[in-house]
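Visitor:
In my numbering, the protein residues as written are 261 to 1143.
Here's what the structure looks like:
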């Protein structure tokens, strides 16, 4: 739904427990006891016809007995009673309820939602264990323990995980801003919680435990928005691919739901971890090490063994150890002459305090993209706490560059605590420290994907969409859902993907001989049958046929073998194609399929006949541009081979990326594209070529840009208008406009900035500027007016609107460059925004304007905006336009 009325759920002034009890083993008993024990300072209201008083509180027999409706109700009564209670609560004015009752069937859940809808009452659950907001002393749950106040929000699909985490956190003194058990997510879901917690000032990081997810576009919009503000870390059950059944295409078989989920988490700028321990470790690391952008690591230790352990862990995590510059090595040699001066750097177990300080200072001259992992084992010669105290001034510098690992227990406990109290990341083992650093690297790479907002079409790539759609429609009209290999290759060619020349012939050796003359020997012969998904499995592929005699023999043998292996298959003929002989090629797979949750997805990895056994693949969500395609490739092991080694030159990486972008465009423009396999796609320094392709059509049309989990750049909103004799382009802003937007702001007069209540200053932080250019088109819009400048395109004006999650209202702001004001450009931009929001179904457009900005107020009135009464002492006035 949205965040509407969630403040009644998480910040209530009164809480009713319906089914409150003192009988052991009852959910109502646990909920009532927890509410009293938590220290909640609001009104507590028990409801149960079997009691007159509970713990000194008067008990109401029915919901209707309250003089004032409670903000929040905890429902602990049998399933059949839940819909009726929700209807009564909503009618009374309650706006939030937690259904702790388990066991509602589908009909009862739907009845509960229907009962809540007229009053917009929000439901958490059913089968939720409840929620905790420790800063309020609110324990509205049936959990076995309280939660400490803190800055982490934990949202879990599993009630059992909530109790386990609460127990774990108590022992480690970990505090929470909120703990929420979603239960069956009939109403409040992960998207709602991300929207709510993203703007919650008490929440520093959001931790999620997920098993399943609905409403992918809503989730991705909420996740991308939240991840811009604070770390969002996810642990999810179900990594295993066991039980996955064979499918018609490699892509469909390989694109398992967990791989797709991983791709979605990465694209949303979140971090996925494997265990609950990693969940909390990542939250602490991202909070304490925020601002560090290092990709490589320097290991500094007083024990060689610990350094080797760290180096091994780094190799396993894909983290490179920094090669120290010669000048740094020479400096270190004078400071620690007894130890090796490489990386890891061992300064000796007898090192005095000053040596630690001097060595760490010398490492400041190391490359800026390196962080330092300091590992210390206790020594009888110097107290660990003395070392910690001496290093703190260096460890606390901004941005942070130091992680610490204090090996041991009692002897290093004061040092570890000193570092942690000062905000320096500290770990128990080298492996844990390296794993935490690697999480940070992966998180930053995921964050980089947030700046990408590609169009559903890549205008610089060739495409014959008309011919492609005609080919698909012809196949569907003939009742076929699988394209022949020549048709599949033709479809790829329509989108600029190089394909090997292929001829289709009847199942006769003589026909194959004639085709081979056209394409030239050596050739590849393949069986053509819509009933055979993997031709190699039944002997339906013969490579490198050198002459007519070999081809005639291969054709006869292939027909006999295929008919024996698959007597049920309809053999339509052969395909004859040129045998591609390129040096230094890598076999790749590129594919596409429709995930039941996230919609269209794209696969890339190592290809060939052993693709499933190799298992080297990654999934990406469309739309893709070249940076996102490059990031998809980099998530595979074959990416290292594509970069070349020894006498093998690097493959044409841009050609590989263009292929992935072309497939993304196909998914956007061809809604009936159900599955696609290009395997192998051979790549070398000369480029790429598709040797085989398989495409399955889906008449249900589940592809298409409208089914993408991430809304693409809305290129259809770009238009050109004439303004004062100039051709001006009106278009949605793009991430690439960041530099252009900075120049636009620089050319604004300070008074214009103040009057527009749009920016507070002419200079602007890079992170804030990026936020203005990198928008989520699913919930906000910014139109800019651009025109050719003396050297490059320049921005003349911008209007933007942020829509609330309910699409009830959109808050807008507009600013026109100071040197082109009063020419009507503002009206053109406002009309474009208003028409866009009206088309999106937005109810109202609102803004606040300075009361002394009479020009803006008059302009808004001319557009039909209405001013609210101005409150005494207020220097702004609220304006609104009903759409």
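Even glycine gets a Cβ: it sits at the ideal position worked out from N, Cα and C.
Please read all numbers here as calculations on a predicted model, not as lab measurements.
If you scan the stretch 408-492 from start to end, which runs of the alpha helix (DSSP H) of 4 or more residues do you find wholly inside it?
Guide: 419-432, 450-458, 476-489
Visitor: Near residue 567, which residues of its chain fall below 6 Å by C-beta distance, leaving aside the five closest residues on each side in sequence?
Guide: Stepping through the chain shown from its first residue, residue 567 is reached at position 307. If we look at residue 567 and ignore the five residues flanking it on each side, its Cβ neighbours are 559, 561, 604, 606.
Visitor: Under a three-way DSSP split, which group does residue 906 fall into?
Guide: Here residue 906 refers to the residue found at position 646 of the chain shown. Annotated three-state conformation of residue 906 is coil, per DSSP.
Visitor: May I have the straight-line CA-CA distance separating residue 725 from residue 371, to the nearest angstrom?
Guide: For the purposes of this step, residue 725 is taken as the residue at position 465 of the chain shown. For the purposes of this step, residue 371 is taken as the residue at position 111 of the chain shown. Roughly 46 Å separates the two Cα atoms.
Visitor: Determine the closest residue to residue 430 out of 410, 497, 973, 380, with distance taken between C-alpha atoms.
Guide: Mapped onto the chain shown, residue 430 falls at position 170. With distances taken between Cα atoms, residue 430 lies closest to 410.
Visitor: Between the Cα of residue 652 and the Cα atoms of 637, 885, 617, which residue gives the shortest distance?
Guide: If you number the chain shown from 1, residue 652 lands on position 392. Ranking 637, 885, 617 by Cα distance to residue 652 puts 617 first.
Visitor: Count the other C-beta atoms from every protein chain shown that fall within 10 angstroms of the C-beta of residue 1135, then say buried if there are 16 or more, exposed otherwise.
Guide: Walking along the chain shown from the start, residue 1135 turns up at place 875. Per the 10 Å Cβ criterion, exposed.
Visitor: Give me the Cα-Cα distance between residue 821 and residue 798, rounded to the nearest whole angstrom.
Guide: Against the chain shown, residue 821 aligns to sequence position 561. Against the chain shown, residue 798 aligns to sequence position 538. Roughly 7 Å between the two C-alpha positions.
Visitor: Taking its Cβ as the centre, do 16 or more other Cβ atoms sit within 10 Å of residue 833, making it buried, or is it exposed?
Guide: Stepping through the chain shown from its first residue, residue 833 is reached at position 573. Buried: at least 16 other Cβ atoms inside 10 Å.
Visitor: Note the first and the last residue of the continuous alpha helix (DSSP H) segment covering residue 304.
Guide: Here residue 304 refers to the residue found at position 44 when the chain shown is read from its first residue. Here residue 304 belongs to no alpha helix (DSSP H); instead the beta strand (DSSP E) covers 303-307.
Visitor: Could you have a look at residue 840 and say whether DSSP puts it in helix, strand or coil?
Guide: In the chain shown, the residue the question calls residue 840 occupies position 580. Note: residue 840 maps to coil in three-state DSSP.
Visitor: Opposite residue 982 in the DSSP bridges: which residues?
Guide: As a first step, residue 982 is located in the chain shown; it is residue number 722 there, counting from the start. DSSP lists 987 as partners of residue 982.
Visitor: Please return the same chain residues whose Cβ sits closer than 6 Å to the Cβ of residue 329, not counting the five positions on each side in sequence.
Guide: Here the question's residue 329 lines up with position 69 in the chain shown. 352, 353, 354, listed in sequence order.
Visitor: How far does the beta strand (DSSP E) with residue 533 in it reach, from first residue to last?
Guide: Position 273 of the chain shown, counted from the start, is the residue given in the question as residue 533. 531-533 is the span of the beta strand (DSSP E), which, as asked, contains residue 533.
Visitor: Work out the CA separation of residue 1007 and residue 502 for me, nearest whole Å.
Guide: Sequence index remark: in the chain shown, residue 502 carries index 242 (1-based). Sequence index remark: in the chain shown, residue 1007 carries index 747 (1-based). A caution first: residue 502 carries a pLDDT of 46, below 50, which makes its placement in the model unreliable, though a value can still be read off. Going from the Cα of residue 502 to the Cα of residue 1007 covers about 60 Å.
Visitor: Determine the burial state of residue 809: buried for a count of at least 16 other Cβ atoms within 10 Å of its Cβ, exposed for fewer.
Guide: Within the chain shown, residue 809 is the residue found at index 549, counting from 1. Under this definition residue 809 is an exposed residue.
Visitor: Extract the residue ranges of the alpha helix (DSSP H) inside the stretch 678-747, only unbroken runs of 4 or more that lie entirely within it.
Guide: 690-708, 725-737
Visitor: Across which residues does DSSP place residue 860 in a beta bridge pair?
Guide: The count along the chain shown starts at 1 and reaches residue 860 at position 600. Paired residue(s): 854.
Visitor: Can you give me the Cβ contacts of residue 541 inside the same chain, cut-off strictly under 6 Å, excluding the 5 residues immediately before and after it?
Guide: Locating residue 541 in the chain shown gives position 281, where the first residue counts as 1. Only 696 meet the Cβ criterion.
Visitor: So for residue 874, helix, strand or coil by DSSP?
Guide: Along the chain shown, one-based indexing puts residue 874 at 614. Helix at residue 874.
Visitor: To the nearest angstrom, how far is it from the Cα of residue 573 to the Cα of residue 953?
Guide: Residue 573 sits at position 313 when you count from the first residue of the chain shown. Residue 953 sits at position 693 when you count from the first residue of the chain shown. The straight-line gap from Cα to Cα measures roughly 40 Å.
Visitor: Could you tell me if residue 262 is buried or exposed, where buried requires 16 or more neighbouring beta carbons within 10 angstroms of its beta carbon?
Guide: Position 2 of the chain shown holds residue 262. With 16 or more other Cβ atoms within 10 Å, it is buried.
Visitor: Alpha carbons only, please: which of 395, 349, 394 is nearest the one belonging to residue 1151?
Guide: The shown model of the chain, from 261 to 1143, leaves out residue 1151, and the question about it has no answer.
Visitor: Identify the continuous beta strand (DSSP E) that holds residue 1074 and give its terminal residues.
Guide: Start at 1 with the first residue of the chain shown, and residue 1074 comes out as number 814. Where residue 1074 is concerned, the enclosing beta strand (DSSP E) stretches over 1069-1076.
Visitor: Could you give the first and the last residue of the continuous alpha helix (DSSP H) run that contains residue 369?
Guide: Locating residue 369 in the chain shown gives position 109, counting from the first residue. 366-376 is the span of the alpha helix (DSSP H), which, as asked, contains residue 369.
Visitor: Pick helix, strand or coil for residue 634, following the three-state DSSP scheme.
Guide: Taking the chain shown and counting its residues from 1, the one referred to as residue 634 is at position 374. Residue state, collapsed to three classes: strand.
Visitor: Would you decide whether residue 459 is buried or exposed? Buried here means 16 or more other CB atoms lie within 10 Å of its CB.
Guide: Reading the chain shown from its first residue, position 199 is the one you call residue 459. That one is exposed.
Visitor: According to DSSP, residue 949 sits in a beta bridge with which residue or residues?
Guide: What you label residue 949 is simply residue 689 of the chain shown in a count that begins at 1. Residue pairing from DSSP places residue 949 in a beta bridge opposite 942.
Visitor: With burial defined as no fewer than 16 other Cβ atoms inside 10 Å of the residue's Cβ, what is the status of residue 404: buried or exposed?
Guide: Locating residue 404 in the chain shown gives position 144, where the first residue counts as 1. By the neighbour-count rule (16 or more Cβ atoms within 10 Å), residue 404 is not buried but exposed.
Visitor: Pick from 265, 851, 756: whose alpha carbon is nearest that of residue 879?
Guide: Stepping through the chain shown from its first residue, residue 879 is reached at position 619. For residue 879, the nearest C-alpha among the options comes from 851.
Visitor: Pick out whichever of 1105, 1113, 1114 has its Cα sitting closest to the Cα of residue 1139.
Guide: Taking the first residue of the chain shown as 1, we reach residue 1139 at position 879. Distance check between residue 1139 and each of 1105, 1113, 1114 places 1105 closest, using alpha-carbon atoms only.
Visitor: Leaving out five residues on either side along the sequence, give the residues of the same chain with a beta carbon under 6 Å from the beta carbon of residue 678.
Guide: As a working note, residue 678 is residue 418 in the chain shown. Closer than 6 Å at the Cβ level, and outside the excluded window around residue 678, lie 648.
Visitor: Output needed for residue 723: all residues of its chain with C-beta closer than 7 Å, excluding positions within five of it in sequence on either side, in chain order.
Guide: Position 463 of the chain shown, counting from 1, holds the residue named residue 723. Contacts found: 754, 755, 756, 925.
Visitor: Within this structure, are the beta carbons of residue 413 and residue 438 separated by less than 8 Å?
Guide: By 1-based counting over the chain shown, the position of residue 413 is 153. By 1-based counting over the chain shown, the position of residue 438 is 178. Cβ distance < 8 Å, so residue 413 and residue 438 count as in contact.
Visitor: In chain order, what residues of the same chain have a beta carbon less than 6 Å from the beta carbon of residue 1009, not counting five sequence neighbours either side?
Guide: Locating residue 1009 in the chain shown gives position 749, counting from the first residue. Around residue 1009: 1078.
Visitor: Which residues in the same chain have their Cβ closer than 6 Å to the Cβ of residue 1018, if we skip the five residues on either side of it in sequence?
Guide: Along the chain shown, one-based indexing puts residue 1018 at 758. Residue placement at residue 1018 is flagged as unreliable, the pLDDT there being 42, under the threshold of 50; the coordinate-derived value follows with that caveat. Cβ neighbours of residue 1018 beyond the five flanking positions: 1073, 1075.
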